[in-house]
Amino acid sequence: MNWQKNTQNHLETATLGYPRIGKNRELKKALEAFWGGKSDAETLIQTKHEVEFKNWEAQRKAGIDRIGIGDMSLYDQVLDWSIRLGIIPERFASFTGLERYFAMARGKDGIAALEMTKWFDTNYHYLVPEITEILQPADFNDFLETVHRAQTLLGERAIPIILGPVTLLRLSRFEMNQEEACKKLSDRYLLLLQELKKMSIPEVQIHEPALVLGDAAYFKPLYQSTYQSFSQIGLPIHLVTYFDDLGDTYPWVMELPVAGISLDFTRGRNLELLQHHGFPADKELGVGIIDARNIWKIRPDSILSTLEAISRVTTNLRIQPSASLQFVPYDTQLETKLPEPLLQVLSFAEQKLEELKLLANYLNGNPEADKSLEFIRSQWQTFLQFSPVNQAVKERLQNLTVKDFERSLPYEQRQERQPVLPLFPTTTIGSFPQTAEVRQLRVKLKKGEISQAEYEAAIDAEIAKCIKFQEEAGLDVLVHGEFERTDMVEFFAQQLSGFAFTEHGWVQSYGSRCVRPPIIYGDIARTQPMTVREFKVAQSLTNKIVKGMLTGPVTMINWSFTRTDIPRSEQAMQIALALRDEVADLEAAGAKIVQIDEPALREGLPLKPERWDEYLSWAVDAFRLVAGIAKPETQIHTHMCYSEFGDIIKHIERLDADVLSIENSRSNNETLFEITNAGYKRQVGNGVYDVHSPAVPSTEQMVQQLKTGVANLPVKQIWVNPDCGLKTRRWEEGIPSLKNMVEAAKILRHEFNINEK
Ligand code: GLN
Ligand code: ZN
């Protein structure tokens, strides 16, 4: 396809946002120095501006025609918009400036921060706006100042990114009538648009990702009235959507009075919708064609055929990443340890800019681009040879039968054979404090300052301390403490073939917190036992039962960058096979209980509810494949924190875990009620205290929590445990908390033993 032959236009490129933590995590470091009192506000702002400037430079140099600007944030862009719009809850009224900003983000002097939750189906977290009757005055000065700076560098290419009012509303908690809130907010947006118009901005991007959610139709009147009023300003508006397709809302979204609409062509069925309904002749289409959520280079042939198909519907278009590039790391060039054939097919933000430009050049008829695309094809070929299909894994998957996904006996019969424990058995979720000393051990091992044997001996000493403490505290089912694990996904991934790790592949999770997701690049297989050594050490030190501790396949998938050449379900099954072998090895080593953690099962749900069943069906199957090997005598636990279950309870039951431990103390027993209302028959680990707070919970408080459990569940179904792992706590907090917890269990045990007599 040659663009110029078909059209008179020169095909343009655009971006929708960029990573903002800094190529060397400069912003993270600056934030932490500021919070720690080691630097001042001026230095922090200066760092922010420097990172922002470099981001603009990278996009300018790459030759991007319309560079999205204004997405840079000190903590979270949703918080930035809340503050600009005057959505500042009463409890922060005594603060101003940066102090207020960080109080809202992180809490201060006992004043609770805004709630934090996941940004759509990404691993980024935003702060939930709280809209109340009384709004503070709007203040767009910081934004306008940014736009001004961007114009100085980028001129006409600077395109402000604005978080759309309906999406903001959809993601907020509010105490007022929705239409009223929307009207109030839109009026403020109008002021901003007027100011931007005065600055001769050629166009603004208004991001409305909520348009892809299942309930978007419900907000139709709000979208219509809002964009009707915005159109009066006479500033061209480009309405941006991403993360999924528009679904049923497609026809009316096309009618909104805007100059352009962006669609994500890397997820969902936008292409089908476009082909079916067409695209309005008076609008420009923003083609989100470069995957902003994954780290792979483009596959030239499939991308060109999609572009070809789109251009048959409209040629009034531009090409761009599917969303903000904040979901990928900065630059593959920083990586020094990845195998060359793999590195060659990776693409982080900077490479994605190049790819975008390359595609545009190709379509604009530049002969050089042809060669570059051919070169990418050859890199994929080389990669294929580097990472061939693992035939053994493939055959094993093909030969699976229904039986492999089932325990050999139903729950009722398994239960009789499983360990006999006191009423209200007590346990923990797995990890114990990861102290600086423990983390230091790994650094020393990496630097070669200590040997593997010395490292293991030091870990074993921690395990011994942990076992001793748990015995003293009187816990019934013990854990080894997970001291050898950096992170619950990374630890397993590092021992499995098919996973790769970056040195600098950081992506922002929230605020200054960044994660470095492992990359699944090939077929996954286990080469040796992964957790058996530590389990054996722990079990040898006590007569009580020690739980084997695994991270489940779905969580492994959801917290990694995955392959795009085979389905996620298949990648999950490969991991499940590896974990299945681990379960068998743990049993052989004497484990009577094995816990398979799936904290990310719920968060992997697709944005559109109509696709939930499809996801849950393979996700639950993957879990069952891991657990299916266990003998009926072996008790399988699973742990899921901060998940709601009400709408997926049938699938939770199908996991067929003997014991399910849940979060409870933060949600006010919401999760517990969801489970009990559904008549859940298996055992439930009642999260009796919040591990994310340094406060030591009282025995009395936990007795109350347990009594709520008793009021709703048969006593025999109740376990007693904290909400989640104790990794981020200090021993000083962990010890008294667990002692109080055991005390609470004893009080209940006493009451019920008496009652039963
Ligand atoms: N076993 C893990 C731990 O205790 C579970 C962590 C999690 O649920 N996020 O740390
Ligand atoms: Zn948890």
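Just so you know, we're using this note's numbering here: the sequence shown kicks off at 26 and counts up by one. Note that beta-carbon positions come from the ideal geometry of N, C-alpha and C, so glycine has one too.
Mind checking whether residue i and residue j have CB atoms under 7 Å apart?
i	j	result
D316	S347	yes
T38	I89	yes
L264	E233	yes
T142	P190	no
G93	G47	no
L217	I258	no
W643	V684	no
D273	G293	no
V721	P761	yes
L751	V716	yes
I262	A206	no
A498	K764	yes
D356	E379	no
R109	F165	yes
G239	Q161	no
For residue i, count neighbouring C-beta atoms within 10 Å of its own C-beta (all shown protein chains included) and say buried if the count is 16 or more, exposed if not.
i	result
S690	buried
K782	Since pLDDT at K782 reaches only 49, below the 50 mark, its modelled position is unreliable, and the value read off the structure follows with that caveat. It is exposed - the Cβ of K782 has fewer than 16 other Cβ atoms within 10 Å.
A417	exposed
N778	exposed
S620	The question names Ser, but residue 620 in the sequence shown is Gln. It is buried - the Cβ of Q620 has at least 16 other Cβ atoms within 10 Å.
F255	buried
I401	buried
G135	exposed
M224	exposed
R198	exposed
S537	buried
I544	buried
P719	exposed
E309	buried
H21	One cannot answer for residue 21 here, as it falls past the ends of the chain, which runs 26 to 782.
I783	Missing from the structure shown is residue 783; the chain here goes from 26 to 782 and no further.
E559	buried
L409	exposed
N34	exposed
Going by DSSP, name the residue or residues bridged to residue i.
i	result
I687	M665, N711
H301	Answer is none; H301 lacks a bridge partner.
I20	The structure shown does not extend to residue 20, since the chain is modelled only from 26 through 782, so no value can be given for it.
R198	E155
R343	E37, G311
A183	I92
N746	G712
T451	V745
S762	According to DSSP, which records beta bridges pairwise, S762 is partnered with nothing at all.
R551	L521
D289	G313
T142	Y151
V265	H232, S287
L329	Bridge partners of L329: none, in fact.
I591	BP columns for I591 are empty, so no partner.
W321	L371
For the candidate residues the options, whose alpha-carbon lies nearest to that of residue i?
i	options	result
H505	Q495, A601, M513	Q495
N49	T177, Q358, I159	Q358
K54	P624, T68, I743	T68
T460	E487, P444, Y480	E487
D96	V514, R432, K73	K73
I492	F508, Y480, A478	F508
P413	S349, I187, S522, F400	S522
D249	D289, T291, E204, S287	Per the sequence presented here, residue 249 reads as Gln, with Asp not at that position. Checking every option, the nearest Cα to that of Q249 belongs to E204.
Q345	D289, N295, S327	D289
T663	G577, A83, L500	G577
Q406	V370, L425, Q376, P435	V370
L236	E200, L193, K222	L193
K732	R45, A770, R707, Q553	A770
Q440	E658, P739, D105	E658
D590	C666, V608, I323	I323
I'd like to know whether the C-beta of residue i is nearer than 7 Å to at least one C-beta of chain B.
i	result
N689	Structure shown: chain B not included; a single protein chain is present.
By C-beta, the residues closer than 5 Å to any heavy atom of ligand 2, given in chain order
P624, C666, C749
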